[in-house]
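Chains as they are written, first to last, in our numbering: chain H, 1 to 257; chain S, 1001 to 1175.
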């Protein structure tokens, strides 16, 4: 049986044709639960969950919503609700939808626009879920700190360099520093800190304790954006040099001079 | 510092006999309609570092859209590594190559994402980043919330999951 020929010429239909059509028909499905039409769309998140869109009608007008699906998916992936809310609000604005804190909606949609609203909602849901989950994998590791460690380690490769170096300060307390470069007579110790108040205080405590030693240790503060710290930066600069986390090699050369 | 756990650690955590600690009652989200439970995990008398149990559902949708799973701490915060999804709104399809022999298979609306579905050589961060792309259908599917707890408890090896109380669902009166 030459089903391929039949298919191409359209002169007959083999059971494979029916299989294809059945698969295509099953791409969509609609469930009816408590007055809601829950439409499974042939659109999926990057993980493989198909998107569903829920439709209600009120007279001649329709409400099209994700009915909380996007939030449920992102929470179950381990993403946080705040990030979801921010991204959902922003994307809903782009799509002209309403976001009520947990659900995205198109309200009072006319019959003529219903199909477009269902397609738009499915794509809105997909964008929000994928973006929220992707966002949850960004930012937690401070890439600038890692870049600083990499750049400094490469620059000082002729010296002995230690990460997470533990040193005893003037107060006899032990402090951990991000990086220590051991060079004759005057080790450099680097402490990375953010603009957060507690981070600045902690850096000051450590760097000042090292600055009071008389053995020639040179403490250096490293921060991603010195301008963002405000007046508290003077606390750090009163006891240590401070460099930008993205400083170029010439800065490291001056420190080593 | 590694980004996350290695394969063997995940498989061991999944398989080990454990209990949820301090389930408490379902907590509502902030205006969102979500209900959540979060609990620490205990095994062999030790509260296990970095592993948590969660359950999620919607307050206005009784007996559907419930997820129960386990998370592990990574460099990016807690990420889900095993999950049972009960009566999701739409089916899960195994789409990606990482799904191996399950690629293109329909896992249905009630399914389980297990870490042992990925072949050796696939590092956990690959599938954690993709929000668990592989799943298998749960057949027969649990018919009630208490059946779900019983089945999910056995799948996730959480011995006392049946102690979780039924959510205080508030179905919509008007649509």
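Glycine residues also receive a C-beta, built at the ideal position from the N, C-alpha and C atoms. Note that the coordinates shown come from a computational prediction; the quantities given were computed from them, not determined experimentally.
- In the structure shown, residue 94(H) adopts helical secondary structure according to DSSP, grouped into three states.
- In the DSSP assignment, residue 28(H) falls outside any beta strand (DSSP E), carrying neither H nor E.
- Only exposed fits residue 225(H), as fewer than 16 other CB atoms lie within 10 angstroms of its CB.
- Contact annotation for residue 1079(S) against chain H: 78 [CB-CB distance below 7 Å, chain order].
- Beta bridge pairing from DSSP links residue 1078(S) with 1073(S).
- Using beta-carbon distances, residue 1007(S) does not count as an interface residue toward chain H, since no partner is under 9 Å.
- Interface residue (Cβ-Cβ distance to chain S less than 9 Å): residue 138(H) is classified as such.
- Inter-segment contact for the stretch 242-253 of chain H and the stretch 1011-1026 of chain S is absent: fewer than three beta-carbon pairs are separated by less than 8 Å.
- Residue contact with chain H for residue 1058(S): present (Cβ-Cβ distance below 9 Å to some residue of chain H).
- Three or more Cβ pairs closer than 8 Å define a contact, and the stretch 1139-1154 of chain S falls short of that threshold against the stretch 1089-1102 of chain S.
- With a minimum length of 3 residues, the unbroken runs of beta strand (DSSP E) contained wholly in the stretch 1097-1130 of chain S fall at 1106-1108 and 1111-1113.
- Burial state of residue 117(H) is buried, judged by a 10 Å Cβ sphere holding 16 or more other Cβ atoms.
- Think of a sphere of 7 Å around the beta carbon of residue 102(H): the chain S residues whose beta carbon falls inside it are 1029, 1031, 1032, 1033 and 1034, in chain order.
- Residue 129(H) counts as buried, since no fewer than 16 other beta carbons sit within 10 angstroms of its beta carbon.
- Going by C-alpha positions, residue 153(H) is about 20 Å away from residue 207(H).
- Straight-line measurement puts the Cα of residue 1156(S) at about 15 Å from the Cα of residue 1137(S).
- Sixteen is the threshold: since fewer than 16 other Cβ atoms of the shown chains lie within 10 Å of the Cβ of residue 28(H), the residue is exposed.
- Taken through DSSP and simplified to helix, strand or coil, residue 212(H) comes out as coil.
- Annotation: Cβ neighbours of residue 81(H) in chain S (cutoff 8 Å, chain order): 1029, 1030, 1032 and 1034.
- Under the three-state reduction of DSSP output, residue 109(H) falls in the strand class.
- Within chain H, no C-beta atom comes nearer than 8 Å to that of residue 1043(S); the closest sits roughly 20 Å away.
- By the CB criterion at 9 Å, residue 255(H) and residue 243(H) fall inside the cutoff.
- Only buried fits residue 65(H), as 16 or more other CB atoms lie within 10 angstroms of its CB.
- By the rule that beta-carbons nearer than 9 Å mark a contact, residue 171(H) does not touch chain S.
- Under the three-state reduction of DSSP, residue 133(H) is assigned to helix.
- Taking 9 Å as the CB threshold, residue 1171(S) lines the interface with chain H.
- Judged by beta-carbon spacing, residue 1057(S) lies beyond the 9 Å limit of residue 1128(S), meaning their Cβ atoms are not closer than that value.
- Of the residues 1045(S), 1147(S), 1105(S) and 1125(S), the one whose Cα lies closest to the Cα of residue 1066(S) is 1147(S).
- For residue 1050(S), the secondary structure class from DSSP, reduced to helix, strand or coil, is strand.
- Per DSSP, the continuous alpha helix (DSSP H) segment holding residue 1007(S) begins and ends at 1007-1015.
- DSSP, read as helix, strand or coil, puts residue 144(H) in helix.
- Under the 10 Å beta carbon count, residue 1020(S) is surrounded by 16 or more other beta carbons and is classified as buried.
- Counting of Cβ neighbours within 10 angstroms places residue 1047(S) among the exposed residues, the total staying below 16.
- For residue 1101(S), the closest Cβ of chain H is not nearer than 9 Å.
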